[in-house]
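Peer 1: Here you go, one structure.
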Amino acid sequence: MNIRSLPRRAFLSGALACTALPAVAQAPTVSLRPRLRDLRRANSSGLDALLSKSGVTGQVVFAVADADTGDVLEGRLTQVGLAPASVAKAITAVYAQDTLGAEHRFSTTVTAAGTISNGILDGDLILVGGCDPTLDTRGLADLATQLKASGLREVRGRFIVYENALRPLPSIDPGQPDHVGYNPAVSGIALNYNRVHFEWRRNAGKYALTMDARTAGYRPDVTMAQMEVVDRSVPIFTYEDIAGHDQWTVAKGALGKEGARWLPVRRPGLYAGDVFATLARSHGIVLARPELTATVPQTGLTTLAHIQSPPLRDILRGMLKFSNNLTAEMVGLAATRARTGRAHTLAGSARQMNLWAIEKLGMQKPAFVDHSGLGAASRITPQDMVRGLAAARRNATLRPILKPVTLRDAKGRPLKNHPIKVDAKTGTLNFVSGLAGYITAPNGREMVFAIFCANEDIRATITRANRERPKGARPWANRARRLQRDLLERWGNQFSA
Numbered sequence: 011m012n013i014r015s016l017p018r019r020a021f022l023s024g025a026l027a028c029t030a031l032p033a034v035a036q037a038p039t040v041s042l043r044p045r046l047r048d049l050r051r052a053n054s055s056g057l058d059a060l061l062s063k064s065g066v067t068g069q070v071v072f073a074v075a076d077a078d079t080g081d082v083l084e085g086r087l088t089q090v091g092l093a094p095a096s097v098a099k100a101i102t103a104v105y106a107q108d109t110l111g112a113e114h115r116f117s118t119t120v121t122a123a124g125t126i127s128n129g130i131l132d133g134d135l136i137l138v139g140g141c142d143p144t145l146d147t148r149g150l151a152d153l154a155t156q157l158k159a160s161g162l163r164e165v166r167g168r169f170i171v172y173e174n175a176l177r178p179l180p181s182i183d184p185g186q187p188d189h190v191g192y193n194p195a196v197s198g199i200a201l202n203y204n205r206v207h208f209e210w211r212r213n214a215g216k217y218a219l220t221m222d223a224r225t226a227g228y229r230p231d232v233t234m235a236q237m238e239v240v241d242r243s244v245p246i247f248t249y250e251d252i253a254g255h256d257q258w259t260v261a262k263g264a265l266g267k268e269g270a271r272w273l274p275v276r277r278p279g280l281y282a283g284d285v286f287a288t289l290a291r292s293h294g295i296v297l298a299r300p301e302l303t304a305t306v307p308q309t310g311l312t313t314l315a316h317i318q319s320p321p322l323r324d325i326l327r328g329m330l331k332f333s334n335n336l337t338a339e340m341v342g343l344a345a346t347r348a349r350t351g352r353a354h355t356l357a358g359s360a361r362q363m364n365l366w367a368i369e370k371l372g373m374q375k376p377a378f379v380d381h382s383g384l385g386a387a388s389r390i391t392p393q394d395m396v397r398g399l400a401a402a403r404r405n406a407t408l409r410p411i412l413k414p415v416t417l418r419d420a421k422g423r424p425l426k427n428h429p430i431k432v433d434a435k436t437g438t439l440n441f442v443s444g445l446a447g448y449i450t451a452p453n454g455r456e457m458v459f460a461i462f463c464a465n466e467d468i469r470a471t472i473t474r475a476n477r478e479r480p481k482g483a484r485p486w487a488n489r490a491r492r493l494q495r496d497l498l499e500r501w502g503n504q505f506s507a
């Protein structure tokens, strides 16, 4: 089996960066709590046939409600909780905006701890991460340019990276394969979504390998992530944390002539420090090998460079469009830190979001274990999801940043100018498919809906090594998506009266 160059999701717009977290944002002027009423199942004519025809094995649960009255118009097992997958990001987006504010910006700074005389710092230089999930190599290049413009020429102390604004974690979900780029490490600093670009090219029987931190206009080499080609067929990749760097091996039998893919970074602070040191060196400023610190001095610091992220609303729009897991975890963790005043584990932060969802959204039993939905242990019922969506609609915090869903015909072709308008968040894990959001019927009636499908029996048979592309997962997901489209068509037409 050959590895092919994988398509890369576009980076979120604006790669600037981050900052100290504010106090909890002021509570919304309109209550988020919805007013869903008791379930009233509508005429189910044709519903059973539609479900049977879909061929979706496992469980299918859903609910659709009138957005104004709260009446549940049709549902199936509405109080059965299934894994939401990335649909969870919709609740995370509301949580982050309610806590931090839609205009919040994260900051990344470079500070000096010591005295500066004639361009020489007699002390330490500190790269301070402030939870910006959109920081990329261009942002670090901007910081390096500002550092040069400040007049700094030499650093006689250490080069330190502070990543503990969020509790550092080696991955989002330990149950995922080591090499998948959608499951990187999490910390208070993230560069290029904590992914490193691995590229290979065979020439005269030997492979030329590169590991770099590329983004538009930049591709600095990375030394903290290293790759070795090993003469084997499987496993394709192996990973070890060795002496502070990410050590990868790749099976020679899987490479082919050339290709590239993104690999996750497990030491994000050292990754960002490695790249920043390279960029600073291009301006004549030589830094020591980066070290990590768990604390930053509260006094005696001089800020030499500073960049900010785009507004949170824009970050969340990109997160929902590209379904970036790291962004969801970082903004969710940052919101929890702002609420509680301390860093949490993913599970601890998710518990705080669950409590918030009960209080602010009127949910009854949300059970998220993270903010991205990557952890398969999360559970949410269709009824609770619809409650959350209805509450978010009252403050217009979610639908404007959701991605429009294109309805398609029986052959999968997009239907242009369709009278039913849908804005929603998708969610996909192996043999799990979810869709939740808003429908506007042809007559203008607005509804909220949630659809969750899962085959837990098949999921239980998938080994960790096979979780990237297990057999049968794609056809099952395609059938689930067709069922979701059929349900949307049904609701848009049936409840347009």
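At the far end of the sequence shown sits residue 507, using the working numbering, and the numbering has no gaps. Each residue gets a CB set at the ideal place from its N, CA and C atoms; glycine is no exception.
Going along the chain, which unbroken runs of the alpha helix (DSSP H) with 4 or more residues stay wholly within the segment 283-361?
Peer 2: If we require 4 residues or more, the alpha helix (DSSP H) runs fully inside the segment 283-361 come out as 322-332 and 335-350.
Peer 1: Assuming Thr259 contacts Val240 under a Cβ cut-off of 8 Å, what Cβ separation, rounded to an integer in Å, is found between them?
Peer 2: The Cβ separation is near 5 Å, so the contact holds.
Peer 1: For Leu384 versus Asn335, is the C-beta distance shorter than 8 Å?
Peer 2: Contact flag set, yes.
Peer 1: In angstroms, rounded to a whole number, what distance separates the CA positions of Asn476 and Val341?
Peer 2: About 30 Å.
Peer 1: Measuring CB to CB, does Leu322 end up less than 8 Å from Val171?
Peer 2: No. Outside cutoff.
Peer 1: What are the start and end residues of the beta strand (DSSP E) that includes Gln257?
Peer 2: It spans His255 to Ala261 - the beta strand (DSSP E) in which Gln257 sits, taken as one unbroken run.
Peer 1: Go ahead and label Lys370 buried or exposed: buried means 16 or more other beta carbons lie within 10 angstroms of its beta carbon, across all protein chains shown.
Peer 2: By the neighbour-count rule (16 or more Cβ atoms within 10 Å), Lys370 is buried.
Peer 1: Rounded to the nearest angstrom, what separates Leu135 and Phe208 at their Cα positions?
Peer 2: Rounded to whole angstroms, Leu135 to Phe208 spans 29 Å at the Cα level.
Peer 1: Please go through the segment 160-209 and give each complete beta strand (DSSP E) segment of 3 or more residues, from N-terminal end onward.
Peer 2: If we require 3 residues or more, the beta strand (DSSP E) runs fully inside the segment 160-209 come out as 169-172.
Peer 1: Can you tell which of Lys435, Thr436, Ala420 and Thr416 has the C-alpha that lies nearest to the C-alpha of Asn427?
Peer 2: Of Lys435, Thr436, Ala420 and Thr416, the residue nearest in Cα terms is Thr416.
Peer 1: Counting only the same chain and skipping the five closest in sequence on each side, list residues whose C-beta sits under 8 Å from that of His255.
Peer 2: Closer than 8 Å at the Cβ level, and outside the excluded window around His255, lie Thr233, Met234, Ala235, Gln236, Arg277 and Leu280.
Peer 1: What is the DSSP secondary structure of Val432, reduced to helix, strand or coil?
Peer 2: It is a strand residue.
Peer 1: What residues in its chain sit with their C-beta under 6 Å from that of Val442, if we drop five residues either side in the sequence?
Peer 2: Ala93, Ala95 and Ala464.
Peer 1: Would you call the CB atoms of Gly124 and Asp132 closer than 8 Å?
Peer 2: Yes, they are a contact pair.
Peer 1: Are Ala59 and Leu330 close, meaning C-beta to C-beta below 8 Å?
Peer 2: Against a cut-off of 8 Å, the Cβ pair of Leu330 and Ala59 comes out as no contact.
Peer 1: Assuming the contact rule is C-beta atoms closer than 8 Å, Leu498 and Ile449 should be a hit. Round their C-beta distance to whole Å, please.
Peer 2: About 6 Å; that satisfies the 8 Å criterion.
Peer 1: The beta strand (DSSP E) that contains Pro274, what's its start and end?
Peer 2: Here the beta strand (DSSP E) through Pro274 covers Glu268 to Pro274.
Peer 1: Could you compute how far the alpha carbon of Phe459 sits from the alpha carbon of Pro392?
Peer 2: Using only the alpha carbons, I get a separation of about 8 Å.
Peer 1: What residues in its chain sit with their C-beta under 8 Å from that of Thr67, if we drop five residues either side in the sequence?
Peer 2: Closer than 8 Å at the Cβ level, and outside the excluded window around Thr67, lie Asn465, Ile468 and Trp486.
Peer 1: Return the chain-ordered list of same chain residues with a C-beta closer than 6 Å to the C-beta of Ala357, the five sequence neighbours on each side being excluded.
Peer 2: Counting only Cβ-Cβ distances below 6 Å, and skipping sequence neighbours, we find Val379.
Peer 1: Under a three-way DSSP split, which group does Lys99 fall into?
Peer 2: Three-state result, Lys99: helix.
Peer 1: Using CA coordinates, which residue listed in Lys431, Gly454 and Asn453 is at the minimum distance from Gly447?
Peer 2: For the residues Lys431, Gly454 and Asn453, the minimum Cα distance to Gly447 belongs to Lys431.
Peer 1: Taking only three categories from DSSP, how would you classify Thr147?
Peer 2: The answer is helix: DSSP assigns Thr147 an H, G or I state.
Peer 1: When you compare each of Gly129, Gly310, Val70 and Asp222 to Gly294 by their alpha carbons, which one comes out closest?
Peer 2: Of the listed residues, the one whose Cα sits closest to Gly294 is Gly129.
Peer 1: From Ala253 to Pro230, what does the alpha carbon distance come to, in whole angstroms?
Peer 2: Going by the C-alpha atoms only, they are around 22 Å apart.
Peer 1: Please classify Val285 as buried or exposed, where buried requires at least 16 neighbouring CB atoms within 10 angstroms.
Peer 2: Buried, by the Cβ-count rule.
Peer 1: Which residue or residues does DSSP assign as beta-bridge partners of Thr220?
Peer 2: Note: Thr220 sits in a beta bridge opposite Glu209.
Peer 1: Which of helix, strand or coil does DSSP assign to Ile252?
Peer 2: Reduced to three states, the DSSP call for Ile252 is strand.
Peer 1: Quick one: what's got a C-beta closer than 6 Å to Ala73's C-beta in the same chain, skipping five residues either side?
Peer 2: Answer for Ala73: Val82, Gly85, Thr88, Pro392, Gln393, Val396 and Ala460, listed in chain order.
Peer 1: Between which residues of its own chain and Ser506 is the CB-CB distance below 8 Å, once the five residues before and five after are set aside?
Peer 2: Here the set comprises Ala451, Pro452, Asn453 and Arg455.
Peer 1: Is His354 closer than 8 Å to Leu343 when the C-beta atoms are compared?
Peer 2: Contact flag set, yes.
Peer 1: Taking just the CA atoms, how far does Arg495 sit from Ala290?
Peer 2: Cα to Cα, the separation comes out at about 51 Å.
Peer 1: Contact defined as beta carbons within less than 8 Å: I believe Thr312 pairs with Ile126. What is the distance between those atoms, to the nearest angstrom?
Peer 2: Their Cβ separation, rounded to whole angstroms, is 7 Å, which keeps Thr312 and Ile126 in contact under 8 Å.
Peer 1: Find out if the Cβ-Cβ distance for the pair Val275, Pro194 is shorter than 8 Å.
Peer 2: Cβ distance < 8 Å, so Val275 and Pro194 count as in contact.
Peer 1: Have a look at Arg492, Glu301, Gly372 and Ala377 and flag the residue whose alpha-carbon is nearest the alpha-carbon of Asp419.
Peer 2: It is Arg492 whose Cα lies nearest to the Cα of Asp419.
Peer 1: With a cut-off of 8 Å on the beta carbons, I'd call Leu110 and Ala406 a contact; round off their distance for me.
Peer 2: Leu110 to Ala406, Cβ: 17 Å. No contact.
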